[in-house]
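Below you'll find the structure, written out as structure tokens, and then a few comments.
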Amino acid sequence: MIKELNKKIIVAVDVDGKEKALELARKLQGSGCWLKVGLELYSIEGPAILQELKELGFPIFLDLKLHDIPNTVERAIRGLMAWGADIINVHCSGGYEMMARAAEAVHAQSGNRQRTKLIGVTVLTSLSEKVLQEDLGVGRGLESQVIGLAQLAQRAGLDGVVVSAKEAAALRQACGEDFLLVTPGIRPAWGEKNDQVRVMTPREAIKVGSSYLVVGRPITRAADPLRVLNHLWDE
Ligand code: C5P
0 MIKELNKKII
10 VAVDVDGKEK
20 ALELARKLQG
30 SGCWLKVGLE
40 LYSIEGPAIL
50 QELKELGFPI
60 FLDLKLHDIP
70 NTVERAIRGL
80 MAWGADIINV
90 HCSGGYEMMA
100 RAAEAVHAQS
110 GNRQRTKLIG
120 VTVLTSLSEK
130 VLQEDLGVGR
140 GLESQVIGLA
150 QLAQRAGLDG
160 VVVSAKEAAA
170 LRQACGEDFL
180 LVTPGIRPAW
190 GEKNDQVRVM
200 TPREAIKVGS
210 SYLVVGRPIT
220 RAADPLRVLN
230 HLWDE
């Protein structure tokens, strides 16, 4: 039962090297969860870390948030596909053509195995509405920008988006049942929030329509990460 629920949890392996990554992975082995490799670990260890984590049996979300001209992103994705990530992502603000070319590259190379999913980052949660409008010159409000970019991503052939769980309900409505909503900012009901301000518990996030939940520090900083993972759902 817990193992089925854990299949919706993506643990953010935000550590600065292979030893720490593998130590954490071994503690979580067999639990059913995913691992997320972000820019820090990827920059230090290179793509080989993906294979090492996959060999321990984890599905992998490679969180590099690609954003460049369409040709460059398409070619980067063709390169990345060789490493076997199960979810990869791009910034929606790269535009329709960039996302469509990225989706083409993913579809072309997934072959017969279960297809790699391509998702988009809408608006970084580190950006406020004020920064979005005043510094970046975006005319519409934050929520309209998130929904607009998610719909653009869907038209371009992406499988889903990364969004705050607080926006999940609106996006589930705007983008339908099959669109993947991957939501960070998740905290167990009984835990600390760290620096995340707008948090939800795992059960709340699922209720509002999240498909996968990204959880970092509550698990990675725990003395017993597997125990925390298995009690995430306790209310
Ligand atoms: O430790 P914590 O659970 O806050 O980690 C959340 C993970 O999700 C981190 O890897 C962070 O970079 C990522 N993330 C986020 N908010 C976003 C996108 C990604 O917290 N909007």
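The letter at position 141 of the sequence shown is residue 140 when you use numbering that gives the first Met the number 0, and the numbering goes up by one with no holes.
We treat Cβ as the ideally placed atom computed from N, Cα and C, and that holds for glycine.
Contact between the segment 117-124 and the segment 86-99 is present, with at least three C-beta pairs closer than 8 Å. The continuous beta strand (DSSP E) containing T182 extends over residues L179 to T182. Inside the segment 135-211, DSSP marks whole beta strand (DSSP E) runs of 3 or more residues at positions 159-161 and 179-182, from first to last along the chain. Using a Cβ distance threshold of 8 Å, T121 and A149 count as a contacting pair. Per DSSP, V89 is one residue of the beta strand (DSSP E) stretching across I86 to H90. A204 sits buried, since 16 or more C-beta atoms from the chains shown fall within 10 Å of its C-beta. Less than 8 Å separates the beta-carbon of V160 from that of A152.
Assignment of K7 by DSSP, reduced to helix, strand and coil, places it in the coil class.
The C-alpha of G156 is placed about 30 Å away from the C-alpha of T200.
When rounded, the separation of the alpha-carbon atoms in E39 and P58 is 19 Å. In this structure, DSSP gives L131 a helical state, which the three-state scheme calls helix. Put simply, of W189, V198 and I146 the residue whose alpha carbon is nearest the alpha carbon of A173 is I146.
Excluding sequence positions up to five before and after Y95, its CB lies within less than 8 Å of the CB of L151, R154 and A155, all in the same chain and listed in chain order. DSSP places W232 outside both helix and strand once states are collapsed to three, so it counts as coil.
Rounded to the nearest angstrom, the gap between the Cα atoms of M0 and E44 is 34 Å. A residue is called buried when at least 16 other Cβ atoms come within 10 angstroms of its Cβ; Q144 meets this threshold and is buried. With contacts defined as CB atoms closer than 8 Å, I48 and V214 fail to qualify as a contacting pair.
Take L180, set aside five residues on each side of it, and the residues of its chain with a beta-carbon closer than 7 Å to its own are G159, V160, V162, A167, L170, R171, G208, S209 and S210, in chain order.
Residue burial is scored here from C-beta neighbours: R100 has at least 16 other C-beta atoms within 10 angstroms and is therefore classed as buried. If you ignore the 5 residues before and after A11, its C-beta comes within less than 6 Å of the C-beta of K35, V213 and G215, all in its own chain and listed in chain order. Residue environment analysis places W189 among the exposed positions, since fewer than 16 neighbouring C-beta atoms fall within 10 angstroms of its C-beta. Relative to W82, the option among K6, P69 and E54 whose CA is nearest is E54.
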